[in-house]
Structure formats: structure tokens, C-alpha cells
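S.K.:
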Amino acid sequence: MQPITRLFFASALLVCTTAALGANADTQAREQWHGAIQNGYESLATKTEQLASAAVGYCNAPTSDSRPALNDAWLDAFLAWQRVRFVDFGPVENNNLSWQFQFWPDPKNLVARKARYLLGTEAPVNAEVINQSGVAVQGFPMAEYLLFDEQLNSGENALPAAKNCEVLSAVTRHMARNARGLADSWASFKQHYLDTGPYRDTTIKAGMTALEILEERRLAQPMGLRGNGKRNPYITDAWRSGQSLMAVEATVAGLEKFYLPGLITSLKTDGETELAERIQRQFEKVADNFPEAHAAMATLMESDERFRILQGLFVDVSQLSTLINDEAAVALGVVRGFNSSDGD
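Per mature numbering (1 follows the signal peptide of the UniProt record, and there is no 0), the sequence shown runs over residues -25 to -1, 1 to 319.
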């Protein structure tokens, strides 16, 4: 074989080997993502089932101990949702499931309006009614309203009033059925996900979009860093319970646990080990803002001194968003779509 011919075949072999390694790495990343997300969905299913059980248990035998346990069950399930909230493709797109879990933003206070209607009707509120009442009724914000709204819980419909219990039980059972169905559907989705190369970019974009929403809508807007410049904790996604920042922490923790390992695999395969390590360190920096930031956003907005806690969190989240949405995206050749943060 002539030298030039050997060089040609050697080059072709190198190209084929590199492509095969890249394809294997992409498959490995998708395997990591699928398994991790499956764990997240299973946790969501378990926690919502426990919430539904706690609601029924409290309503059947309300005690001073069972009410805090019910509140805690709502928070546990809500945080389980926050950890997998970044997944915006696949089975969660069916029947507006993500909106069924969390109708937000809610600028017209539709959750409260729908709740008042259901609580005021004499007709039974059962599974069929919840199915037909729309996404504002069907998820965590509705349950949060029933459990934590101050005005509601100082009136005649306060828990354990029969009508409130009827609505809460129907809503939490609906959530539990949806969560179990989502976990099962994601398991069935596995082979298609692993066999479809473009899901690498789809999954990476999901994390990018989640960080955009976290930075801009869940932090910057209520902090008054966007729009009219006024601080407004009442546009956060869990203001009634005061758990908006716990939700932020859970979202970041979910991205770190369910999203980051696959992203690191993709980055290291492309020779971006140093960038992967910087992203990992930045996740740790965001986490370092807690537990100091475990407070209602309204409380942290009351004084400039306490507001600095939010500012520190925002800066760290912004830096994380830049690392992934700009540097990692460019390194991996992922092109963001226009208005990629539209929708929730």
C-alpha cells in the first residue's frame, strides 16, 4: 500500500472512530438522563400519593398533629415536582401535564377564582369535576390555596370544612394519578428516547430554559430587577405558602442531580473538562446561598440588608445560567431557539 493511501485510510479510520465515540457518549448521556429523570418522576409519584393520603387522613380525623403533617406532605410533593420541572419534553407534554401540576404564572389570580367557585357550589366535587375544570384547578397551586391562603383559612371554608376537604381530596388524588401515569409513561418512553439522537440537544435545551425561567421570572421579576423596578413577592410561584425560595433550591438541586451528570458526560467527551468542572463548582456556589435563603421572599424584601441575600442568590444563578446557556451550549453546538423561555 502506498504511503498516501495508508494516510487516507488512517485518516478515515480516525474520523469513523471519533464519530463512534461521540455517538456512544451521546447515548451514554441520554441513558444517564433517562435513568435520573425516571428516579425524579418516581419520587414525584410517591410524594403526591403520600399527599393524597395525608389529605384524606386529615379530613377524616383532623388533629393538631395531622394538619402540620398535611402541610409538610404538600411541601414534599411540591419540591419533588420542582426537581423535575425542567423536563419540558416527552410524556409531560401530553394533556398539558406540566400545567396540570403547576399553573403558573397566574397574573389574573385564576386559581383563587376557580377555588372560590368550587367551594361555593353545592354539587359534589369529584374526579370528573376536577378533570373538566381546567389546569388552574388541578395541581399544586390549587392545593396550596386551600392549605395556605390566609383569607380562606380565616373563614367558614377553612380546613377541615367539609367542602374544602372534598375539593382538596379530589385535587390531590388527581395529582397522584397524573404523577404515577407520568412515571409509567417515561419508563415506556425509554427506548425511543435512547434511539433518537436529537434528544441530546432537546434535553440540554430543557435545562437551559429552566435556568432562564429561574433567573428572569422566578427571581429577577419579583426582585424588581426587570419591568417597573418594584419588588413584588406576589408574582412568585409559591407566595401563599412562603416557599418560593425552597422551590428555587429544589429546582437547582434537581438540575444538579438529574441534569448535570449527562451534561458533564457530553462536555468531557468534547474535551471540555475544565468547563464541566466550573459548572459543577457554580452549582455548589448556588447551593451555598441556603439555608440562609430559606425564608419567604416577602420577608427578604422588607429591608435592604435582607434583600442582599436575594441579590447574592440571583448573582450566583445568573452566573450558572451564563455558564450553561452560553459557554456549554456553544461548546456542544446547541443552538437556542428564539424565545426559548416562553411557556413554563
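The C-beta atom is built at its ideal place from N, Cα and C for all residues, glycine as well. It should be emphasised that the depicted structure is a prediction, and the values quoted were computed from it without experimental measurement.
1) Could you tell me the alpha carbon to alpha carbon distance between D63 and A181, rounded to whole angstroms?
2) Count the other CB atoms, across all protein chains shown, that sit within 10 Å of the CB of N126; report buried if there are 16 or more and exposed otherwise.
3) Among residues of its own chain, excluding the 5 on either side of A154, which ones have a beta-carbon nearer than 6 Å to its beta-carbon?
4) If you draw a straight line from the C-alpha of A270 to the C-alpha of A48, how long is it?
5) Given a threshold of 16 other Cβ atoms within 10 Å of its Cβ, counted over all protein chains shown, does S(-15) qualify as buried or as exposed?
6) Three-state secondary structure (DSSP) at R215?
7) Cα separation between L295 and F258?
8) Sort D245, V290 and L238 by Cα distance to K260 and report the nearest one.
9) Just checking R311 against the ligand NAP - is the residue's beta carbon closer than 7 Å to any of the ligand's heavy atoms?
10) Can you list, in chain order, the residues of its chain with a C-beta nearer than 8 Å to that of A262? Leave out the 5 residues immediately preceding and following it.
11) Only counting the same chain, and skipping five residues up and downstream in sequence, which positions put a Cβ closer than 6 Å to that of V31?
12) For W56 and F76, what's the separation of their Cα atoms in angstroms?
13) Taking only the alpha-carbon atoms, compute the straight-line gap between E119 and L45 and give it to the nearest angstrom.
14) Do V59 and G15 have their C-beta atoms closer together than 8 Å?
15) Reducing DSSP to helix, strand and coil, say where P116 ends up.
16) Out of D170, G237 and G109, state which residue places its alpha-carbon closest to the alpha-carbon of V146.
17) Assign A222 to buried or exposed, taking buried as 16 or more other Cβ atoms, counted over all protein chains shown, within 10 Å of its Cβ.
18) For Q3 versus T178, is the C-beta spacing smaller than 8 Å?
19) Specify the secondary structure class of L62 as computed by DSSP and reduced to three states.
20) How should E17 be labelled, buried or exposed, when 16 other C-beta atoms within 10 angstroms of its C-beta is the threshold for buried?
21) Mapping the DSSP letters down to three states, classify G312 as helix, strand or coil.
22) Going by C-alpha to C-alpha distance, which of P173, P99 and R192 sits closest to G65?
23) Residues in its own chain within less than 6 Å of A251 by CB, not counting five upstream and five downstream?
24) Excluding the 5 residues preceding and the 5 following L186 in the sequence, name in chain order all residues of the same chain whose CB lies nearer than 7 Å to its CB.
25) Which two residues bound the contiguous alpha helix (DSSP H) that contains K260?
26) Taking the continuous alpha helix (DSSP H) assigned at F289, which residues delimit it?
27) DSSP three-state call for P43: helix, strand or coil?
28) Less than 8 Å between the C-beta atoms of W161 and Q13, yes or no?
29) Could you pull the start and end residues of the alpha helix (DSSP H) that M272 belongs to?
30) Under the rule that 16 or more other beta-carbon atoms within 10 Å means buried, what is D212, buried or exposed?
31) Look up Q77 in the DSSP assignment and say whether it is helix, strand or coil.
32) Does DSSP classify G156 as helix, strand or coil?
33) Pick helix, strand or coil for G204, following the three-state DSSP scheme.
34) Does the Cβ of P82 have 16 or more other Cβ atoms within 10 Å, making it buried, or fewer, making it exposed?
35) Under three-state DSSP, which class holds S108?
36) With DSSP run on the structure shown, which of helix, strand or coil describes K89?
M.R.: According to the structure data:
1) Those two C-alpha atoms are separated by around 6 Å.
2) The sequence given here places Gln at residue 126; Asn does not occur at that position. Classification of Q126: exposed, given that the 10 Å Cβ count is below 16.
3) Here A154 has L19, A20 and T23 as same chain residues with Cβ atoms under 6 Å from its own Cβ, once five neighbours each way along the sequence are excluded.
4) C-alpha separation (whole angstroms): 19 Å.
5) Caution is warranted here: a pLDDT of 46 is assigned to S(-15), below 50, making its placement in the model unreliable, and no coordinate value can be reported.
6) Here DSSP, grouped into helix, strand and coil, assigns R215 to coil.
7) Between L295 and F258, the alpha-carbon positions lie close to 7 Å from each other.
8) When each option's Cα is compared against that of K260, the closest is V290.
9) In the structure on display, the ligand NAP does not appear, and there are no ligands present to speak of.
10) Exclusion of the five residues before and after A262 leaves E224, V227, A228 and E231 as the residues of its chain whose Cβ lies within less than 8 Å of its Cβ.
11) Only S144 meet the Cβ criterion.
12) Across the structure, W56 and F76 are spaced so that their CA atoms are roughly 8 Å apart.
13) As the crow flies, the alpha-carbon of E119 is around 11 Å from that of L45.
14) Cβ atoms of V59 and G15: closer than 8 Å.
15) The answer is helix: DSSP assigns P116 an H, G or I state.
16) Among D170, G237 and G109, the Cα nearest to that of V146 is on G109.
17) By the C-beta density criterion, A222 is buried, having at least 16 other C-beta atoms within 10 angstroms.
18) At least 8 Å separates the beta-carbon of Q3 from that of T178.
19) Here residue 62 turns out to be Val, not Leu, going by the sequence shown. If DSSP states are grouped into helix, strand and coil, V62 belongs with coil.
20) The residue in question, E17, is buried, as its Cβ has 16 or more Cβ neighbours within 10 Å.
21) In this structure, G312 counts as coil in the three-state DSSP scheme.
22) Of the candidates P173, P99 and R192, the one whose C-alpha sits nearest the C-alpha of G65 is P173.
23) Excluding positions up to five away in sequence, the list reads I239, L242 and K243.
24) If we look at L186 and ignore the five residues flanking it on each side, its Cβ neighbours are L295, S296, I299 and N300.
25) Annotation for K260: the continuous alpha helix (DSSP H) segment containing it runs T248 to A262.
26) For F289, the enclosing alpha helix (DSSP H) has its first and last residue at D279 to T297.
27) P43 falls in the helix class under three-state DSSP.
28) Yes, they are a contact pair.
29) Following the DSSP letters along the chain, one finds M272 inside the alpha helix (DSSP H) bounded by residues M272 to L275.
30) Looking at its Cβ environment, which holds 16 or more other Cβ atoms inside 10 Å, D212 is buried.
31) In the structure shown, Q77 sits in coil (DSSP, three-state: anything other than H, G, I, E or B).
32) The answer is helix: DSSP assigns G156 an H, G or I state.
33) Here G204 sits in coil by DSSP.
34) With fewer than 16 Cβ atoms within 10 Å of its Cβ, P82 is classed as exposed.
35) S108 falls in the coil class under three-state DSSP.
36) K89 falls in the helix class under three-state DSSP.
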